[in-house]
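Q: Okay, handing you the structure first.
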Amino acid sequence: MKKTKLSLLLALALTAPQIVQTASAADTREHPANLYAAEYGYPETRTSQDETDRFETGEYGDPGLRTNSRNETLDPEIRKLKRDDGIDRYYGDTHVDKYRWLEDVDRIEPEHRYETSEDRKRNLFGTNWEDPELDKRRTGMETVRNEQGEVDKWVNAQNEATHNYLNKIPYIQEIGKRIDKLMDYEYLYFDYDREYGKLHYARYPDGYFRLSKKGADGKSQVILDEKELSKDGYTQIANYALNSNGKYFAYATRDGASDTDHKELYVLDTETLKTRHITTNIHVVDAGGTYGYPLEWKDNNNLYYVRSHGGWTDLMLHRMDKNEFNDPIIMKASDYDMTPDSFWIEDDRYLMVQGSLGSISNTLLLKDLKTGRWIQIHNRKMYDKINKADAFTNYTAAKFVRLDGNYIYVISEDNSEFGELLKIDIRSPQRKREVVIPARENHRLTAGVYQSGHYLMQYYSAGYDSLALFDENGKFVRDITPVAGGNISSLTAYDSGDKDAEDNRPKGTLAANEKDYKRYVWFYYQNKETPATTYRYNVEEDKFFGVKRRDTIPFDADKYEMRTVSYPSKDGTMVPIVISHKKGLKLDGKNPTILYGYGGFNVDAYQGNFTTAAAAWMQNGGVYATAGLRGGKEYGSKWHDAGKQLNKQNVFDDFIAAGEFLIKEGYTSKDYLSISGGSNGGLLVGATMVQRPDLFRVAIPEVGVLDMLRHDKMYRTDYWINEYGMAEDSKAMYQKLLSYSPYHNVRDGVCYPSTMVMTSKRDDRVVPSHSYKFAAILQEKQSCMRPVFLNAAERHGHGDNTRAETKREMKEKFAFILHEMGVKSLPPVPDKEPQAQEKK
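This is how it looks when you write it as structure tokens:
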């Protein structure tokens, strides 16, 4: 219903609005940016909606904040606005958003997909969907695609301008070749000799997974090729599980990297080479846990998997000897308020289910396969308390370490946020709980294993991992961290007497003396200068053996060095940072530098991780720095709380201080400093570049949350509201969001860094309209000749989908950064960098 003239005047009188024009249509003077738009080929950008009054029909905006843009009786300033500009009101302020039309993104899903008759018979037999007419209509919609809309045409024009500019950079192809050399290697997952043949599974240099089988003649045949799963090569194998005799290889696929992309489950018979489709909507976890994967064979014939169902993910069981339409539900997730993330069989008796829900990252259920009884290990009272609290606490309720008869040993944060090892009687898990290893202040206990009468416990602090050895009674013995300042993963106990011993060995070829040891612990270690390296540790002899690279990545760590330090932020808080570069670097302020950060959601910035991006940048003479900003998990919940909601500005202050520190120490200067970050890190880059445009030469905000007044109104955003807060929460929250919202703080007359705003058309976690609007207003307001480009990928989700896409994006980012810094040529690199293990 249209508002009357009287009601509109009365509403304006009561609110006494202050006009805060975001990208104001009332400002018609020519900006300097218009003088060079043709130079970079920016497409024409419409600054208002079309003739349809979408605010009146409710398509845009909040109902309580709408106004009729055609009403000529409004305030004179509002009357100047173009038709259907977005108008939002908060606490007496009126915000005009003339790029609101860029929120009208084309449907993220490339097509409508519904259950076909075959799917219905397989998965929905006897359910409410058993309706031929409904099924016929759904099948008819299966090939319906959306016509290209105005926003998509604008994005395509922006992409064309971006790539025309990038392709003229003289060394962009050379950067691509160097990245190819660094990333094109075989990454082995398993090489097993089973009853049904010798099987080899790896990711090959072209980036695709392949399963090969060696025949009686000794020749290998590829029996499953990820590249052949789809015509365009975008379908990925996300998870897999091989049964113990090697006959069945189960694998889950996803169409792309968007959260809503379709996921399927198949089983390949390695003998007949026939494939069975099990189900759609499988729950996919990108990486399995230490003790299990989202696919697990109960035995050679029965497969456990997780299927999305009615908003929950239920644990299912499929029998290979029966082609059943309806697989039985083993565990209904809704009964236990948890999502199964990994599962495995322990002691041939218990089905272990490690799960999560919301702010809780680890819950644990056991099913006694003899009695059929389910046993809940985590503390239910504490679970309910935490689950109702603020999001992203990443609370560990119970994480498995060891099962010994009637006692289970788990990591729990019931008594301390830093975690402790508990001994729990599974006959009465809610009452009989004993502390074996108490919590360590500022060291979060994240994983543990038991071997040879000792516990090896993994801790996290200040962005890095460490390992400590304890005896059976929980007494500290020694620290066995191989190198300080790195990341440890896949901590696993190996015992040659275990029936799953072969699966529990580290991936890759055997170490020369590995067979001499019947029991040991292994893990992967890495840091910014060291690719993943396998360490094997014999507890009884207290020594490492068989230390070697996880894979054959051609990167010589001996040529690089890493410095781990802390620097003072604006308020004096000391913030950790890791700085990596080639040895012999001159601290003359002329080194191209990438400063990376995240600062949110109680997660770390991967300071201790080796990344191909950092390696490639360092190979080309750059400095790569990663700051452990407040808002992350570097020092526990207080560190997280200090960088969220009303405290969010601390994160940006930390990042700005990191840049100033790098300049002060001589690593770089304002002419050679770039900033990069994705998702929440994209917000970080956007906020800091508009707050301190003088400090940075280049900015790369990727898939960022950039419109903070409307972040909660764009698609599926409810799970991050507790991290940022909403403008409607309070006047104080509104003012805080407005103070740092990148989109709302771009100003006239400011020279911003050269910027490439990166996103994906199909990102359904942080929708691309954030990036579209930010790029549009930057192009309008930029007051100097530094370019602003939008780079929107066609098929990504919130991240890259294929290795080819990863390499392309890396190539374009590095070329853009170096070119904008004025770098004329690349430093020489050897055709092949020898690996440290080759030198030995």
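Taking our numbering, I'd label the letters of the sequence shown as residues -1 to 838. Here a beta-carbon is modelled for each residue, glycine too, at the ideal position from N, C-alpha and C.
(1) With burial defined as no fewer than 16 other Cβ atoms inside 10 Å of the residue's Cβ, what is the status of Lys261: buried or exposed?
(2) What does the Cβ neighbour count give for Met724, buried or exposed, with the cut at 16 atoms within 10 Å?
(3) Can you find a heavy atom of the ligand NAD that lies under 8 Å from the Cβ of Lys646?
(4) Is the beta carbon of Ser769 closer than 9 Å to that of Pro867?
(5) Can the beta-carbon of Ala623 be found less than 9 Å from the beta-carbon of Ala656?
(6) Please state the DSSP three-state secondary structure of Phe341.
(7) By the three-class DSSP mapping on this structure, what secondary structure does Thr804 have?
(8) Judging by CA-CA distance, which residue of Gln374, Ser414, Gly472 is the nearest neighbour of Ser426?
(9) Please go through the same chain and pick out, in chain order, the residues whose beta-carbon is closer than 6 Å to the beta-carbon of Ile661, but skip the five residues on each side of it.
(10) Which value, in whole angstroms, describes the spacing of the CA atoms of Phe599 and Asn648?
(11) Please give the ranges of any beta strand (DSSP E) in the segment 182 to 211, keeping only runs that are unbroken, at least 3 residues long and fully inside the region.
(12) Just tell me which of Ala159, Asp297, Glu559, Ser354 has its CA closest to the CA of His579.
(13) Which runs of the beta strand (DSSP E) at least 3 residues long sit entirely within the segment 742 to 808? Give them in chain order.
(14) Could you check if Leu788 is buried or exposed, using at least 16 other CB atoms within 10 Å of its CB as the buried criterion?
(15) Hey, could you find the ends of the alpha helix (DSSP H) Asn157 is sitting in?
(16) Spatial neighbours of Asp761 within its chain, please: C-beta separation below 8 Å, excluding the five flanking residues on both sides.
(17) Just tell me which of Gly641, Leu681, Tyr38, Ile577 has its CA closest to the CA of Glu663.
(18) Which stretch, first to last residue, makes up the alpha helix (DSSP H) that contains Lys734?
(19) Using DSSP with H/G/I as helix, E/B as strand and the rest coil, what is Glu818?
(20) Return helix, strand or coil for Ser823, following the three-state DSSP convention.
(21) Beta-carbon separation of Ser728 and Met706 under 9 Å?
(22) Assuming Asn377 contacts Asp412 under a Cβ cut-off of 8 Å, what Cβ separation, rounded to an integer in Å, is found between them?
(23) Between which two residues does the alpha helix (DSSP H) carrying His638 extend?
(24) Can you name the start and end residues of the alpha helix (DSSP H) that Lys225 belongs to?
(25) On a Cα-Cα basis, can you pick out the residue from His161, Tyr522, Thr337 that is closest to Arg806?
(26) Given this structure, state the Cα-to-Cα distance separating Gly820 from Asp746, to the nearest angstrom.
(27) In terms of residue numbering, what span does the beta strand (DSSP E) encompassing Lys430 cover?
(28) From the DSSP output, in three-state form, read off Asp556 for me.
(29) Going by beta carbon distance, what residues of the same chain come within less than 8 Å of Tyr633, once the five residues before and after it are set aside?
(30) What first and last residue would you give for the beta strand (DSSP E) that runs through Thr844?
(31) Buried or exposed, going by whether 16 or more other CB atoms sit within 10 Å of the CB of Glu538?
(32) Answer with buried or exposed for Pro292, where buried requires no fewer than 16 other C-beta atoms within 10 angstroms of its C-beta.
(33) Do you know offhand how far Leu222's Cα is from Arg208's?
(34) Tell me whether Pro828 is buried or exposed, calling it buried when 16 or more other Cβ atoms sit within 10 Å of its Cβ.
(35) Report the three-state DSSP secondary structure of Thr270 (helix, strand or coil).
(36) Using C-beta distances below 7 Å, list every residue in its chain close to Val839, excluding the 5 sequence neighbours before and after it, in chain order.
A: Straight from the coordinates:
(1) Your numbering for residue 261 matches position 263 in the sequence shown. With 16 or more Cβ atoms within 10 Å of its Cβ, Lys261 is classed as buried.
(2) Here residue 724 refers to the residue found at position 726 of the sequence shown. Met724 is buried by the Cβ-count criterion.
(3) Questions concerning the ligand NAD fall outside what the structure shown contains, since it holds no ligand whatsoever.
(4) Because residue 867 is not part of the residues shown, which for the chain are -1 to 838, the question remains open.
(5) Taking the first residue of the sequence shown as position 1, residue 623 is located at position 625. Taking the first residue of the sequence shown as position 1, residue 656 is located at position 658. Yes, the Cβ-Cβ distance between Ala623 and Ala656 is below 9 Å.
(6) For this step, residue 341 is matched to residue 343 along the sequence shown. Here Phe341 sits in strand by DSSP.
(7) Position 806 of the sequence shown, counted from the start, is the residue given in the question as residue 804. In the structure shown, Thr804 sits in a helix (DSSP, three-state: H, G or I).
(8) Taking the sequence shown and counting its residues from 1, the one referred to as residue 426 is at position 428. When each option's Cα is compared against that of Ser426, the closest is Gln374.
(9) Numbered from 1 along the sequence shown, position 663 holds the residue referred to as residue 661. So the list reads Ser667, once near-sequence residues are dropped.
(10) Within the sequence shown, numbered from 1, the residue matching residue 599 stands at position 601. Within the sequence shown, numbered from 1, the residue matching residue 648 stands at position 650. Cα to Cα, Phe599 sits roughly 14 Å from Asn648.
(11) 185 to 192, 195 to 201
(12) If you number the sequence shown from 1, residue 579 lands on position 581. With distances taken between Cα atoms, His579 lies closest to Glu559.
(13) 752 to 758, 786 to 791
(14) As a first step, residue 788 is located in the sequence shown; it is residue number 790 there, counting from the start. Buried.
(15) Locating residue 157 in the sequence shown gives position 159, where the first residue counts as 1. It spans 148 to 164 - the alpha helix (DSSP H) in which Asn157 sits, taken as one unbroken run.
(16) Taking the sequence shown and counting its residues from 1, one reaches residue 761 at position 763. So the qualifying residues of the chain are Ile106, Ser256, Val701, His794, Gly795, His796.
(17) Reading the sequence shown from its first residue, position 665 is the one you call residue 663. The shortest C-alpha separation from Glu663 is found at Ile577.
(18) Counting from one through the sequence shown, the residue named residue 734 turns up at place 736. Residues 729 to 738.
(19) Counting from one through the sequence shown, the residue named residue 818 turns up at place 820. Residue state, collapsed to three classes: helix.
(20) Position 825 of the sequence shown, counted from the first residue, corresponds to residue 823. Three-state result, Ser823: coil.
(21) One-based indexing of the sequence shown puts residue 728 at position 730. One-based indexing of the sequence shown puts residue 706 at position 708. The answer is no: Cβ separation not under 9 Å.
(22) By one-based count along the sequence shown, residue 377 stands at place 379. By one-based count along the sequence shown, residue 412 stands at place 414. Indeed, because the Cβ distance is near 5 Å, the residues count as touching under 8 Å.
(23) As a working mapping, residue 638 is identified with position 640 in the sequence shown. That run of the alpha helix (DSSP H) goes 635 to 639.
(24) For the purposes of this step, residue 225 is taken as the residue at position 227 of the sequence shown. Lys225 -> no alpha helix (DSSP H), and no H or E assigned at all.
(25) On the sequence shown, position 808 is the one that residue 806 refers to. Comparing Cα positions, the closest option is His161.
(26) Here residue 820 corresponds to residue number 822 of the sequence shown, with the count starting at 1. Here residue 746 corresponds to residue number 748 of the sequence shown, with the count starting at 1. Going by the C-alpha atoms only, they are around 25 Å apart.
(27) Taking the first residue of the sequence shown as position 1, residue 430 is located at position 432. Careful: Lys430 lies outside any beta strand (DSSP E) and carries neither H nor E.
(28) The residue you call residue 556 lines up with position 558 of the sequence shown. Correct three-state label for Asp556: helix.
(29) By one-based count along the sequence shown, residue 633 stands at place 635. The residues are Asn440, Ser459, Ala460.
(30) With the chain running from -1 to 838 in the structure shown, residue 844 is simply not present.
(31) By one-based count along the sequence shown, residue 538 stands at place 540. Exposed.
(32) Walking along the sequence shown from the start, residue 292 turns up at place 294. By the 10 Å Cβ count, Pro292 comes out buried.
(33) Within the sequence shown, numbered from 1, the residue matching residue 222 stands at position 224. Within the sequence shown, numbered from 1, the residue matching residue 208 stands at position 210. Distance between the alpha carbons of Leu222 and Arg208 is about 6 Å.
(34) Looking up residue 828 in the sequence shown gives position 830. Pro828 is exposed by the Cβ-count criterion.
(35) Here the question's residue 270 lines up with position 272 in the sequence shown. If DSSP states are grouped into helix, strand and coil, Thr270 belongs with coil.
(36) Since the first residue shown for the chain is -1 and the last is 838, residue 839 is missing from the structure and cannot be characterised.
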